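Working notes, structure below.
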Amino acid sequence: MNIAVLCHASAGGSGVVAAELGLEVARAGHEVRFIAAQLPFRLSELPLDCRNGIYFHQVGAYAYPLFEQPLALLNEANTLVDVILEHGIDLAHAHYAIPYASSAILAREITGRTRVITTLHGTDVTLVGLDPAFRHSTRHAIERSDAVTAVSHFLAEQTRDLFGTDKPIEVIHNMVDVERFRRNPDPAYRARFAQPDERILVHISNFRAVKRTQDVVEVFARVASELPARLLMIGDGPERPRAVELAQKRGVIGRTQFLGSFPGVESVLGVSDLFLLPSSKESFGLVALEAMSCEVPVVASNIGGIPEVVIDGQTGCLLPLGDVDAMAHAALELLRDEARHRRMSAAARQRAVEVFHPRRILPRYLEAYRRLLEA
Ligand code: GMT
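At position 302 of the sequence shown the residue is numbered 302 (full-length UniProt numbering), and the sequence of numbers has no breaks.
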């Protein structure tokens, strides 16, 4: 198969899923052409020789004094048309409905060729896609895609409810590279962040409001008042200054490190003891799965698609949204009980390997691709 992938290149979950799925599809012997503003960041982390079967077509920005805003959708659609005509693309896989599903549908209209499969990731439906600025085109993109997948049952249900559509939506959970995301046994690496007697709590996100990074700090402040601990905050975004300010106010700034975004987060996850994900919206929670794959139990809010990833009491603890006391209590209970922590860590890894391994998830996508091509 010859597949075009349209996705966000920035450090967000949908770009990660697009990149990792593309790599797996290429490893399975197909040709995968990424169409994006930049090389998606998980791909840029890889040496060139690990990218066999992967091609990149950059979407250029076109500035003209008459245009007050960039016309990304049109740029993307035109680049895709070129790629379809030059390389005989069988299907275009749009990750995130806005604007990629719309760009792909336009390219399909222009060329009269190729099929469009759209994967819904979360905020493209539950937040941005619903905004009056985008809701009509989001519904159109969902209904006019040749096939639609969602990363969780929760998101498929939400899409049907919020957009009142009866479009069939296939649920295909996200996967994790369990070879890459695994325990890091190097004590010297761990020692960069914490003393041997300190527990490491970690959070990774794009620091948007939905991630509730202030709750992360609140939970940590409660934990750190009871036992020696460090908090590692990975990523960057609009809420970061407020999280820093709160850490200062709560007196935990000395035990909190804001590390920013960097490639290879698995090395830090692999030396951590607990992952915190108190989000208000999360259609899946890929970072929680990556933590689980590194044998790190997750304390998270019991919302959205998180319960499809983290099993409460088995691979982590799910608590009501915003209940930082309950989250801190659960974290403390777990960190104080070494045997339970060890059991949960092992169960987290086991679930990641058994349920979310690429060998389970990839065939679902390949099957969806084949069905479309045969239709
Ligand atoms: O919100 C983010 O963190 C980024 C966003 C994206 O699309 O880039 O993430 C969404 O897609 C991820 C991959 O499928 C999911 O793991 C995240 O749960 C989802 N985020 C939300 O629903 C808020």
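Cβ coordinates follow ideal geometry from the N, Cα and C atoms, glycine included.
Small disclaimer: the values here were computed from a predicted structure and weren't measured.
One Cα belongs to Pro168, the other to Glu109, and the distance between them is close to 21 Å. For secondary structure counted as the beta strand (DSSP E) over 3 or more consecutive residues, the region 54-136 holds these complete runs in sequence order: 54-58, 91-95, 115-120. No residue range can be given for Phe207, since it is assigned to no beta strand (DSSP E) and is classified by DSSP as neither H nor E. According to the DSSP secondary-structure assignment, Gly260 is paired through a beta bridge with Ile234. Judged by DSSP in its simplified three-state form, Ser293 adopts helix.
DSSP, read as helix, strand or coil, puts Ser44 in helix. Straight across, the Cα-Cα distance linking Ala368 with Glu157 is about 19 Å.
Its chain contains Arg180, Phe181 as the residues whose beta carbon lies nearer than 6 Å to that of Glu266, once the 5 sequence neighbours on both sides are disregarded; these appear in chain order.
Sorting Arg144, Phe220, Ala28 by C-alpha distance to the C-alpha of Arg359 places Ala28 at the top. For Ile361, the enclosing alpha helix (DSSP H) begins and ends at 358-374. Using a 10 angstroms sphere on the CB of Asn174, the tally of other CB atoms reaches 16 or more, which defines it as buried.
Going by beta carbons, Phe284 and Ser103 fall outside the 8 Å limit. Per DSSP, Ser14 is one residue of the alpha helix (DSSP H) stretching across 13-27. In the displayed model, Ser145 falls within coil according to three-state DSSP, outside both helix and strand. Counted as a single uninterrupted DSSP element, the alpha helix (DSSP H) harbouring Ala330 occupies residues 324-336.
Put simply, the backbone Cα of Arg351 is about 29 Å away from that of Thr256. Here the region 184-195 makes no contact with the region 313-323; the two share fewer than three CB pairs at distances below 8 Å. Arg33 has Ala4, Tyr55 as its beta-bridge partners, per DSSP. Exposed is the label assigned to Arg370, since fewer than 16 other Cβ atoms lie within 10 Å of its Cβ.
Per DSSP, the beta bridge partners of Glu170 are Thr149. Around the beta carbon of Phe275, a 10 Å sphere encloses 16 or more other beta carbons of the protein chains shown; the residue is thus reported as buried. The region 303-314 and the region 328-337 do not touch, with fewer than three beta-carbon pairs separated by less than 8 Å. Cβ-Cβ distances below 6 Å link Glu226 to Leu332 in the same chain, with the five nearest sequence neighbours on each side left out; the list follows chain order. Distance from the Cα of Ile54 is smallest, within the candidate group Asp215, Val223, Leu21, for Leu21. Around Pro40, the same chain offers Cys7, Ala9, Gly15, Ala18, Ala19, Phe34 as residues with beta carbons nearer than 7 Å, after the five sequence neighbours per side are excluded.
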